[in-house]
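Chains as they are written, first to last, in the working numbering: chain L, 1 to 179; chain D, 1 to 179; chain H, 1 to 179; chain G, 1 to 179. Beta carbons are placed, not taken as given, at the ideal position from N, Cα and C, and that holds for glycine. Nothing here was measured: the structure is a model prediction, and the numbers come from that model.
Number of protein chains: 4
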Amino acid sequence: MRTFADLGFHGARVSDIAEHAGVAHGLLYHYFASKEDVLQTIFRENWGALLERFRAVERADESAADKLAGIAKILLRTWRNDPALVTVMVREVARSPKLQSQVEEVREVFSILERVILEGQRRGEFRADIDARLASWILYGGLEEVLTGWVLGGLSDSATDVERAERTAIDLALRGLAA
Amino acid sequence: MRTFADLGFHGARVSDIAEHAGVAHGLLYHYFASKEDVLQTIFRENWGALLERFRAVERADESAADKLAGIAKILLRTWRNDPALVTVMVREVARSPKLQSQVEEVREVFSILERVILEGQRRGEFRADIDARLASWILYGGLEEVLTGWVLGGLSDSATDVERAERTAIDLALRGLAA
Amino acid sequence: MRTFADLGFHGARVSDIAEHAGVAHGLLYHYFASKEDVLQTIFRENWGALLERFRAVERADESAADKLAGIAKILLRTWRNDPALVTVMVREVARSPKLQSQVEEVREVFSILERVILEGQRRGEFRADIDARLASWILYGGLEEVLTGWVLGGLSDSATDVERAERTAIDLALRGLAA
Amino acid sequence: MRTFADLGFHGARVSDIAEHAGVAHGLLYHYFASKEDVLQTIFRENWGALLERFRAVERADESAADKLAGIAKILLRTWRNDPALVTVMVREVARSPKLQSQVEEVREVFSILERVILEGQRRGEFRADIDARLASWILYGGLEEVLTGWVLGGLSDSATDVERAERTAIDLALRGLAA
DNA sequence: GATGAATGAGCATTCATTCAT
DNA sequence: GATGAATGAATGCTCATTCAT
Numbered sequence: 001m002r003t004f005a006d007l008g009f010h011g012a013r014v015s016d017i018a019e020h021a022g023v024a025h026g027l028l029y030h031y032f033a034s035k036e037d038v039l040q041t042i043f044r045e046n047w048g049a050l051l052e053r054f055r056a057v058e059r060a061d062e063s064a065a066d067k068l069a070g071i072a073k074i075l076l077r078t079w080r081n082d083p084a085l086v087t088v089m090v091r092e093v094a095r096s097p098k099l100q101s102q103v104e105e106v107r108e109v110f111s112i113l114e115r116v117i118l119e120g121q122r123r124g125e126f127r128a129d130i131d132a133r134l135a136s137w138i139l140y141g142g143l144e145e146v147l148t149g150w151v152l153g154g155l156s157d158s159a160t161d162v163e164r165a166e167r168t169a170i171d172l173a174l175r176g177l178a179a
Numbered sequence: 001m002r003t004f005a006d007l008g009f010h011g012a013r014v015s016d017i018a019e020h021a022g023v024a025h026g027l028l029y030h031y032f033a034s035k036e037d038v039l040q041t042i043f044r045e046n047w048g049a050l051l052e053r054f055r056a057v058e059r060a061d062e063s064a065a066d067k068l069a070g071i072a073k074i075l076l077r078t079w080r081n082d083p084a085l086v087t088v089m090v091r092e093v094a095r096s097p098k099l100q101s102q103v104e105e106v107r108e109v110f111s112i113l114e115r116v117i118l119e120g121q122r123r124g125e126f127r128a129d130i131d132a133r134l135a136s137w138i139l140y141g142g143l144e145e146v147l148t149g150w151v152l153g154g155l156s157d158s159a160t161d162v163e164r165a166e167r168t169a170i171d172l173a174l175r176g177l178a179a
Numbered sequence: 001m002r003t004f005a006d007l008g009f010h011g012a013r014v015s016d017i018a019e020h021a022g023v024a025h026g027l028l029y030h031y032f033a034s035k036e037d038v039l040q041t042i043f044r045e046n047w048g049a050l051l052e053r054f055r056a057v058e059r060a061d062e063s064a065a066d067k068l069a070g071i072a073k074i075l076l077r078t079w080r081n082d083p084a085l086v087t088v089m090v091r092e093v094a095r096s097p098k099l100q101s102q103v104e105e106v107r108e109v110f111s112i113l114e115r116v117i118l119e120g121q122r123r124g125e126f127r128a129d130i131d132a133r134l135a136s137w138i139l140y141g142g143l144e145e146v147l148t149g150w151v152l153g154g155l156s157d158s159a160t161d162v163e164r165a166e167r168t169a170i171d172l173a174l175r176g177l178a179a
Numbered sequence: 001m002r003t004f005a006d007l008g009f010h011g012a013r014v015s016d017i018a019e020h021a022g023v024a025h026g027l028l029y030h031y032f033a034s035k036e037d038v039l040q041t042i043f044r045e046n047w048g049a050l051l052e053r054f055r056a057v058e059r060a061d062e063s064a065a066d067k068l069a070g071i072a073k074i075l076l077r078t079w080r081n082d083p084a085l086v087t088v089m090v091r092e093v094a095r096s097p098k099l100q101s102q103v104e105e106v107r108e109v110f111s112i113l114e115r116v117i118l119e120g121q122r123r124g125e126f127r128a129d130i131d132a133r134l135a136s137w138i139l140y141g142g143l144e145e146v147l148t149g150w151v152l153g154g155l156s157d158s159a160t161d162v163e164r165a166e167r168t169a170i171d172l173a174l175r176g177l178a179a
């Protein structure tokens with residue numbers, strides 16, 4: 001993950017990864033079928049864990065607004081906890097069809113957001129004149145762009161800035177959706 | 001542009017581009033210094049034109065809300081006018097540090113959005129308790145994610161859906177920012 | 001052909017072939033799809049020419065015995081004319097299923113021999129109590145083994161020895177088949 | 001032997017052999033010095049046994065013709081008894097200089113055949129105007145090609161066909177050599 | 001005896017780029 | 001302008017072999 005984060009998928013040679021791990025490059029092929037499988041595994045294991053947390057939020061006994069806020073927090077705080085992971089996700093996974101097979105899993109986050117929004121609309125928390133599906137993409141895009149800003153260095157990611165970003169994103173979204 | 005859109009930057013060989021253009025691949029080097037220069041040129045020429053249109057909106061004598069709406073429309077309608085361009089932008093330019101030299105230009109759109117938001121805050125149109133810089137990233141991210149949805153096929157892009165996306169995105173943003 | 005003859009298919013590196021030819025190894029891939037394609041091409045072009053000569057003999061207006069003798073001569077004299085070709089054929093093509101797609105073409109020689117033998121039997125030149133198909137394999141095997149002996153150095157291939165081999169092989173075969 | 005027969009020497013990985021044998025691949029190196037040593041051992045043990053039988057035939061108190069017939073029978077019947085062995089011999093050992101050290105042993109069969117033929121010539125059984133050395137190669141080649149036909153599937157190897165091949169090969173050879 | 005993680009030499013193949021024509 | 005033969009650096013991957021356990 002760190003090698004991909006530093007050099008990008010194409011820029012990272014298999015031997016770079018192995019060197020980073022302190023093993024011979026051949027050993028990599030005991031554990032992974034190919035260089036791409038390494039990326040796929042990084043994605044699968046980490047995104048799966050994130051999805052699990054999103055689902056837990058969805059199941060929680062909270063208002064839809066709190067659920068959205070919870071998901072946003074998980075996503076944005078991942079930058080602090082695991083910047084290499086976020087870097088790889090943002091640069092190699094999010095938009096490239098490199099991991100076609102995983103597209104479904106990537107989109108699961110949209111489904112979760114959509115369901116939460118629909119729930120909010122049903123409960124009267126959120127306005128009903130908004131397409132929940134579209135809103136889920138728009139909200140997620142806003143969050144991902146903040147992560148991208150941090151990854152590419154366009155946005156400050158000091159502790160206070162991260163906190164402010166969290167508040168801003170949540171605030172914008174909830175006001176945008178509020179009934 | 002079409003070749004990059006179809007195959008991606010890494011997946012497209014110089015000879016693919018030349019074949020697409022109906023010339024020998026050697027000729028490409030009369031017009032471009034390298035394969036990367038082709039991408040750079042695509043970006044420069046097209047993004048420059050978009051930026052010009054964004055700036056025109058910024059200069060117009062309209063409310064800040066209308067300016068934001070105008071920018072969103074330009075961005076989203078580009079998909080219909082030039083899907084290959086959007087595909088290349090979304091997949092090859094937006095996140096990769098491939099075009100480092102152009103990062104500044106990419107970010108110009110954030111500056112424009114930020115200035116429009118600040119203007120709206122100054123005029124009392126928009127709430128003042130929002131960091132304009134952050135908001136510009138978040139709004140742009142929402143729009144770009146919709147484009148991504150269209151590029152990768154996750155969101156329907158029929159004529160009515162494109163229009164609805166436009167309204168939804170603008171509506172969410174303006175309600176989120178409204179004073 | 002010479003590189004394969006010297007080093008064997010597996011022992012020859014692509015760069016050996018290219019070096020032998022005095023070009024960069026990359027150029028090889030302008031003309032051949034792969035290392036294996038080089039072998040295939042060697043086979044196709046040369047075996048095809050040999051087959052053509054065998055067919056010419058078959059069509060000739062001669063006794064079946066003379067036809068068999070003619071085919072044997074062509075085969076054995078190829079060693080003198082083109083030892084590298086024979087070496088490659090004997091070592092890389094004849095028995096390995098490496099060129100599965102060409103198996104049919106390899107077997108064409110058996111068909112030709114079989115037809116000549118059948119013709120001889122019909123004419124009363126050859127005894128009729130012999131399975132022509134089997135005989136074609138046996139005769140061809142005898143010839144090929146002589147070539148093998150020359151390739152691997154087990155049999156002397158001086159000019160007089162080559163001539164004697166020719167006479168011996170033909171003599172054995174014709175006496176074996178004689179009515 | 002079965003792994004080499006199925007996949008060829010180069011196509012068979014050490015781990016394929018080990019898997020076939022139901023052990024870990026590392027264990028192979030307790031019993032064999034190398035992959036090539038496995039092939040060598042297969043050859044040595046089996047070819048040695050065959051040679052022993054050939055020599056027994058040579059020593060027997062029979063006519064030269066019967067001796068030739070005996071050797072042919074042993075060789076061809078091995079296909080039925082041990083097709084994998086024959087496959088390996090035909091494809092990996094016979095022509096490749098892979099087992100250079102064993103070349104002598106391979107050629108022992110030619111020596112035996114040659115001596116039998118010489119004996120037949122001395123006794124007046126066989127015509128004297130044939131080079132015994134050459135004849136031994138030619139006869140052996142005929143037999144080996146029949147085996148090759150069975151191995152590669154070009155010749156039918158049903159029980160009756162095997163028997164007919166035996167008769168045909170012996171018949172052709174003896175008539176070819178007959179005084 | 002037995003395992004399988006670990007090694008690293010070896011090699012085919014790709015493809016951007018050059019340049020003589 | 002235009003071609004495409006020629007180059008060669010770069011790299012993913014394979015697999016025989018070793019050896020600590």
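Notebook entry, point to check: Closest by CA to G153 of chain L, which one among L:G124, L:V90 and L:H30?
Noted result: That would be L:V90, whose Cα lies nearest to the Cα of G153 of chain L.
Notebook entry, point to check: Is the Cβ of I71 of chain G closer than 8 angstroms to any Cβ of chain H?
Noted result: It does not; no Cβ of chain H falls within 8 angstroms.
Next item on the list: Output, in chain order, the set of chain D residues within a Cβ distance shorter than 8 angstroms of S96 of chain L.
Entry: What S96 of chain L touches in chain D: G8 and R91.
Next item on the list: At 4 residues or longer, and completely inside the region 60-148 of chain D: list those alpha helix (DSSP H) runs for me, N to C.
Entry: Complete alpha helix (DSSP H) runs here, min 4: 64-81, 83-88 and 103-123.
Next item on the list: Using a Cβ cut-off of 8 angstroms (strictly closer), state whether Y140 of chain L contacts chain D.
Entry: Among the residues facing chain D, Y140 of chain L is included, as its CB has a counterpart in that chain under 8 angstroms away.
Margin query: So with CB distances below 8 angstroms, who are the chain H contacts of V146 of chain G?
Written below: Neighbourhood of V146 of chain G in chain H, by CB distance below 8 angstroms: L134, W137, I138 and G141, in chain order.
Check: Where does the unbroken alpha helix (DSSP H) through A231 of chain G begin, and where does it stop?
Finding: Because chain G here runs from 1 to 179, residue 231 of chain G falls outside it and cannot be looked at.
Check: Quick one: Cα of E58 of chain D to Cα of K67 of chain D, how far?
Finding: As the crow flies, the alpha-carbon of E58 of chain D is around 6 angstroms from that of K67 of chain D.
Next item on the list: Using a threshold of 8 angstroms, state whether the C-beta atoms of G142 of chain L and A169 of chain L are closer than that.
Entry: Judged by their CB atoms, G142 of chain L and A169 of chain L are nearer to each other than the 8 angstroms cut-off.
Margin query: Does the CB of A173 of chain H have a neighbour CB from chain G at under 8 angstroms?
Written below: So, interface residue.
Check: What did DSSP end up calling A159 of chain H once you bin it into helix, strand or coil?
Finding: A159 of chain H: helix per DSSP, three-state reduction.
Margin query: Please report the straight-line C-alpha distance between A72 of chain L and E108 of chain L, rounded to a whole angstrom.
Written below: If I take the Cα positions, the gap works out to 15 angstroms.
Next item on the list: Helix, strand or coil for A182 of chain D, going by three-state DSSP, please let me know.
Entry: Any question about residue 182 of chain D goes unanswered here, given that chain D covers just 1 to 179.
Check: Which same chain residues, not among the five before or five after A5 of chain G, have their C-beta less than 6 angstroms away from its C-beta?
Finding: Cβ-Cβ distances below 6 angstroms link A5 of chain G to A84, T87 and V88 in the same chain, with the five nearest sequence neighbours on each side left out; the list follows chain order.
Next item on the list: Please work out which residues of its chain come closer than 6 angstroms, Cβ to Cβ, to L177 of chain H, disregarding the five sequence neighbours upstream and downstream, and give them in chain order.
Entry: Closer than 6 angstroms at the Cβ level, and outside the excluded window around L177 of chain H, lie F126.
Note to self: Quick check on A33 of chain H: does DSSP put it in helix, strand or coil?
What the structure shows: Assignment of A33 of chain H by DSSP, reduced to helix, strand and coil, places it in the coil class.
Notebook entry, point to check: Quick check: the region 44-63 of chain G against the region 112-128 of chain G, are there 3 or more CB pairs under 8 angstroms?
Noted result: At 8 angstroms Cβ cutoff, the stretches touch.
Next item on the list: Report all residues from its chain with a CB closer than 6 angstroms to the CB of A64 of chain L; omit the five preceding and five following residues, and keep chain order.
Entry: Here the set comprises V116, E119, G120 and E125.
Check: Does the beta-carbon of S101 of chain G have 16 or more other beta-carbons within 10 angstroms, so that it is buried, or is it exposed?
Finding: In this structure S101 of chain G is exposed. Its beta-carbon is surrounded by fewer than 16 other beta-carbon atoms within 10 angstroms.
Check: Going by alpha carbons, who is nearest to G8 of chain D out of L:A49, L:E92 and L:G22?
Finding: It is L:E92 whose Cα lies nearest to the Cα of G8 of chain D.
Next item on the list: Output the boundary residues of the alpha helix (DSSP H) element that contains H25 of chain D.
Entry: Where H25 of chain D is concerned, there is no enclosing alpha helix (DSSP H), because DSSP gives it neither an H nor an E.
Note to self: As a quick exercise: from H:D131, H:L28 and H:E163, pick the residue whose alpha carbon is nearest that of I130 of chain G.
What the structure shows: The closest CA to that of I130 of chain G, considering only H:D131, H:L28 and H:E163, is found on H:E163.
Note to self: Could you compute how far the alpha carbon of D157 of chain L sits from the alpha carbon of V151 of chain L?
What the structure shows: Taking the straight line from one Cα to the other gives about 9 angstroms.
Check: Roughly how many angstroms lie between the CA atoms of K35 of chain H and A49 of chain H, to the nearest whole one?
Finding: If you take the alpha carbons of K35 of chain H and A49 of chain H, they lie about 22 angstroms apart.
Check: Based on Cα-Cα distance, which residue from L:H20, L:G11, L:G149 and L:R13 lies nearest to R2 of chain L?
Finding: Of L:H20, L:G11, L:G149 and L:R13, the residue nearest in Cα terms is L:H20.
Note to self: Helix, strand or coil, according to DSSP, for R13 of chain G in the structure here?
What the structure shows: Coil.
Next item on the list: Count the other C-beta atoms from every protein chain shown that fall within 10 angstroms of the C-beta of V146 of chain D, then say buried if there are 16 or more, exposed otherwise.
Entry: By the 10 Å Cβ count, V146 of chain D comes out buried.
Check: What number of angstroms, rounded off, separates the C-alpha of T148 of chain L from the C-alpha of H30 of chain L?
Finding: C-alpha separation (whole angstroms): 33 angstroms.
Check: Considering only C-alpha positions, which residue in the set H:A12, H:D37, H:Y140 and H:L172 is nearest to L75 of chain H?
Finding: Here the closest residue by C-alpha is H:Y140.
Note to self: Please state the DSSP three-state secondary structure of G153 of chain D.
What the structure shows: Annotated three-state conformation of G153 of chain D is coil, per DSSP.
Item checked: Option in L:V38, L:G70 and L:R44 with minimal Cα separation from H10 of chain L -> It is L:V38.
Next item on the list: Could you name the residues of chain H that R53 of chain G contacts, counting a contact when the two beta carbons are closer than 9 angstroms?
Entry: By Cβ distance, chain H contributes nothing, its closest Cβ being about 21 angstroms from R53 of chain G, past 9 angstroms.
Check: Using CA coordinates, which residue listed in D:A60, D:E105, D:L134 and D:V106 is at the minimum distance from T160 of chain L?
Finding: Of all alpha-carbon atoms in D:A60, D:E105, D:L134 and D:V106, the one lying nearest the alpha-carbon of T160 of chain L is that of D:L134.
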